[in-house]
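Enquirer: Dropping the structure in here first, questions after.
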Amino acid sequence: MIKKSVILISIFLLLGFASVNAALNCPRNSDEFSEFKSISSAALLEFLADPTKSKLNSNEVSDISSFFDKYKDRWTSADCSEVGTASGETIKSIIEKYTGVVDAGLSCRVENPKWSAQQAVQSTVVSLSVDTPKCKDRDTVKFVVKEKDFTKENDNVQVNPNDGIVLDGKATTTWKVEWQEDLETTPSGPKNDNPPEYYFTASVGSSSVTSGLLFASQCKDADRDGYNDISCGGNDCKDNDGSVHPNAAEACDTKDNDCDLEADEGGICGYDHARRTRFDGAGNIVLLKDNCIGDPDLDLLSLFIRSPALTNSSSGWKAEYGRYDFNADGKIDLRDFFVLGGRIEGFDLDKDNYDTTRCHNDCNDKNKNVNPGSAEVCDGGDNNCDKKVDYAFSLGDLDNTCGQSKWVSTGQTKWVTVNYACQQTELREWQYANSFCEEGVGCKSQNTASRWYETGNTRNINDGATCHNTYCSGSSLRYDFKCSGGQCLGKTGSCSSSDFCSGSYRFFGG
Numbered sequence: 051m052i053k054k055s056v057i058l059i060s061i062f063l064l065l066g067f068a069s070v071n072a073a074l075n076c077p078r079n080s081d082e083f084s085e086f087k088s089i090s091s092a093a094l095l096e097f098l099a100d101p102t103k104s105k106l107n108s109n110e111v112s113d114i115s116s117f118f119d120k121y122k123d124r125w126t127s128a129d130c131s132e133v134g135t136a137s138g139e140t141i142k143s144i145i146e147k148y149t150g151v152v153d154a155g156l157s158c159r160v161e162n163p164k165w166s167a168q169q170a171v172q173s174t175v176v177s178l179s180v181d182t183p184k185c186k187d188r189d190t191v192k193f194v195v196k197e198k199d200f201t202k203e204n205d206n207v208q209v210n211p212n213d214g215i216v217l218d219g220k221a222t223t224t225w226k227v228e229w230q231e232d233l234e235t236t237p238s239g240p241k242n243d244n245p246p247e248y249y250f251t252a253s254v255g256s257s258s259v260t261s262g263l264l265f266a267s268q269c270k271d272a273d274r275d276g277y278n279d280i281s282c283g284g285n286d287c288k289d290n291d292g293s294v295h296p297n298a299a300e301a302c303d304t305k306d307n308d309c310d311l312e313a314d315e316g317g318i319c320g321y322d323h324a325r326r327t328r329f330d331g332a333g334n335i336v337l338l339k340d341n342c343i344g345d346p347d348l349d350l351l352s353l354f355i356r357s358p359a360l361t362n363s364s365s366g367w368k369a370e371y372g373r374y375d376f377n378a379d380g381k382i383d384l385r386d387f388f389v390l391g392g393r394i395e396g397f398d399l400d401k402d403n404y405d406t407t408r409c410h411n412d413c414n415d416k417n418k419n420v421n422p423g424s425a426e427v428c429d430g431g432d433n434n435c436d437k438k439v440d441y442a443f444s445l446g447d448l449d450n451t452c453g454q455s456k457w458v459s460t461g462q463t464k465w466v467t468v469n470y471a472c473q474q475t476e477l478r479e480w481q482y483a484n485s486f487c488e489e490g491v492g493c494k495s496q497n498t499a500s501r502w503y504e505t506g507n508t509r510n511i512n513d514g515a516t517c518h519n520t521y522c523s524g525s526s527l528r529y530d531f532k533c534s535g536g537q538c539l540g541k542t543g544s545c546s547s548s549d550f551c552s553g554s555y556r557f558f559g560g
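Going by my numbering, the first residue of the sequence shown is number 51, and it counts up by one from there.
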């Protein structure tokens, strides 16, 4: 219950304060200072006269009185969406409760619906938007699209847009335009009312609004190959050629037959010396083809070399090693549209059909057995120019040991972690102090072993290291390197430590 002294003071202030006629963010029947003062005064007097018959309870009366006192000298700063501390209600809702008049203009609402376009082609994406005055950011607005009919109920679309989220006084969503045959029954018979026309409704709470019409046009398949033109949202990159579409087989014809932005890919025209078959490009793919990769289109422009001893006539060209020498300096000149000056120079001294340019990447031009097309062998060298030495990929071997067994130091080992994030190592060899890597699986996940690993035969034992049970880990399978006082001291002594010896070795096999 409000103290009478507080209420009487509030009445005095309400009745005695001069009006300043300033608007505020309140219901229209109380948006003037004088109007709010009158309503607040009447509510106070009604409560004092008989609280049981008052439209407002004591907390609500207290809140509008406090609100008046707070903003009486700065009425333009007042905001009736403020929540009263006593009632937990907004000042707006208290005023509306007392007057019985709800001002919808101060509630979250939608208005001004708009399409991003008045006409759109089938399968294109359009935007739908509404203004959302008095709504809060992150409020949700529901959008529903309908196809308008004139003689029957409007049709639902196949896929409605997602709800829009209010941000800065606006809610927006998108919709992919559909094509619906607009056939209607009329007294004179069936009528084709194409093109279809669409409208949308947007709603939040009790507020709803309907948009104008969007006229749809159909995406055509001009060559009738079952694929619509790319210009209207389809995936046929050449809609005037029935042999070109995403499901067509690639042919050696300089065309992008399957609409993947590549021409003559997949080895359809053969291979170059480095076995490259993919020629990326966009637009006019043939012009953007990089001739330094060989002769994919069989036009022979990349298959000749000119001997310095011959003239500069056409008879001076001969087929040899798929190279040519334009300036007769003994160096191979590769025509390259992506290099300033149009050509790059390289050598093929070992005559293995791989030169030293970036196209063919012969990393050892003095050895015909070393080039990108060679097989890796166990000889201590990089045979195929991939910057890796002595790995046997076919055996799942990636540690440069030719698939053979190898001694690897374990370091101080505790729980064993299978760490596939490690570098390339031999099968189950130790990589870090507490981890090892299994070979041939790509090193992409982790597991933790549930048991200790014995170290097996050893090459050395570090004196002073900790032990496992009564023996030095890293000793032979008989554990004949014993521990003394918790430390490894050769073959004598004993210990009770639970750790392996640091510096031991483990042989896992190749």
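Glycine included, C-beta positions come from ideal geometry on N, C-alpha and C.
#1: If you pair each beta-carbon of the region 129-144 with each one of the region 105-118, do three or more pairs fall below 8 Å?
#2: Rounded to whole angstroms, what's the CA-CA distance from residue 82 to residue 105? Just pull it up for me.
#3: For residue 228, would you say it is in contact with chain B, using Cβ-to-Cβ distances shorter than 8 Å as the test?
#4: In angstroms with no decimal places, state the Cα-to-Cα distance between residue 311 and residue 269.
#5: Is there contact between the region 163-181 and the region 144-151, where contact requires at least three CB pairs shorter than 8 Å?
#6: For the alpha helix (DSSP H) that residue 562 lies in, which residues bound it at each end?
#7: Mind checking who residue 265 pairs with in its DSSP beta bridge?
#8: With H, G and I counted as helix, E and B as strand and the rest as coil, what does DSSP make of residue 379?
#9: Express the C-alpha separation of residue 143 and residue 132 in angstroms, rounding to a whole number.
#10: Taking DSSP's pairing of strands, which residues face residue 290 in a bridge?
#11: Starting from residue 177 and walking both ways along the beta strand (DSSP E), at which residues does that stretch end?
#12: Count Cβ pairs between the region 182-194 and the region 212-226 that sit closer than 8 Å; are there 3 or more?
#13: Residue 199: which of 212, 247, 307 sits nearest, CA to CA?
#14: Indicate the three-state DSSP secondary structure (helix, strand or coil) for residue 437 in the structure shown.
#15: Decide if residue 197 is buried, meaning its Cβ has at least 16 other Cβ atoms within 10 Å, or exposed.
#16: Helix, strand or coil: which one does DSSP assign to residue 298?
#17: Where residue 128 and residue 121 are concerned, what is the direct C-alpha to C-alpha distance, given to the nearest angstrom?
#18: On the three-state DSSP scale, how would you describe residue 163?
#19: Return the CA-CA distance between residue 265 and residue 162, expressed in angstroms with no decimal places.
#20: Of the residues 417, 252, 218, 430, which one's Cα is nearest the Cα of residue 165?
#21: Could you spell out the range, first to last residue, of the beta strand (DSSP E) harbouring residue 194?
#22: Residue 206 by DSSP, collapsed to three states: which one?
#23: Cα separation between residue 102 and residue 96?
#24: Could you tell me if residue 182 is buried or exposed, where buried requires 16 or more neighbouring beta carbons within 10 angstroms of its beta carbon?
#25: Going by Cα to Cα distance, which pick from 152, 208, 282 is closest to residue 175?
#26: Pull up the distance between the alpha-carbon of residue 300 and that of residue 274, whole angstroms please.
#27: Please report the straight-line C-alpha distance between residue 8 and residue 420, rounded to a whole angstrom.
#28: Please classify residue 42 as buried or exposed, where buried requires at least 16 other C-beta atoms within 10 Å of its C-beta.
#29: Look at residue 152 and residue 185 and say whether their C-beta atoms are less than 8 Å apart.
#30: Quick check on residue 102: does DSSP put it in helix, strand or coil?
#31: I believe residue 90 touches residue 115 by the beta-carbon criterion, under 8 Å. Please report the beta-carbon distance rounded to the nearest angstrom.
#32: Grouping DSSP H, G and I as helix and E and B as strand, with all else coil, what is residue 226?
#33: Starting from the Cα of residue 402, find the closest Cα among 292, 433, 260 and give me that residue.
#34: Which one of 412, 430, 428 has the shortest CA to CA distance from residue 422?
#35: Name the residue from 280, 249, 271 whose alpha carbon lies nearest to the alpha carbon of residue 261.
#36: Could you spell out where the alpha helix (DSSP H) holding residue 149 opens and where it closes?
Expert: A quick look at the data gives this:
#1: yes
#2: 22 Å
#3: In the displayed structure, chain B is absent; only one protein chain is listed.
#4: 22 Å
#5: no
#6: Any question about residue 562 goes unanswered here, given that the chain covers just 51 to 560.
#7: 169, 247
#8: Confidence in residue 379 is poor, its pLDDT being 48 and thus under 50, which makes the residue's placement too unreliable to answer from.
#9: 10 Å
#10: BP columns for residue 290 are empty, so no partner.
#11: Residue 177 -> beta strand (DSSP E) spans 175-181.
#12: yes
#13: Here the closest residue by C-alpha is 247.
#14: coil
#15: buried
#16: coil
#17: The alpha-carbon atoms of residue 128 and residue 121 are separated by roughly 6 Å.
#18: strand
#19: 19 Å
#20: Of 417, 252, 218, 430, the residue nearest in Cα terms is 252.
#21: Residues 190-197.
#22: strand
#23: 10 Å
#24: buried
#25: Looking at the Cα atoms, 282 is the closest of the given residues.
#26: 19 Å
#27: Within the shown structure, residues of the chain are numbered from 51 to 560, placing residue 8 beyond reach of any answer.
#28: Residue 42 cannot be examined here, being either before or after the span of the chain that is shown, 51 to 560.
#29: no
#30: helix
#31: 7 Å
#32: Three-state result, residue 226: strand.
#33: 433
#34: Comparing Cα positions, the closest option is 412.
#35: 249
#36: 141-149
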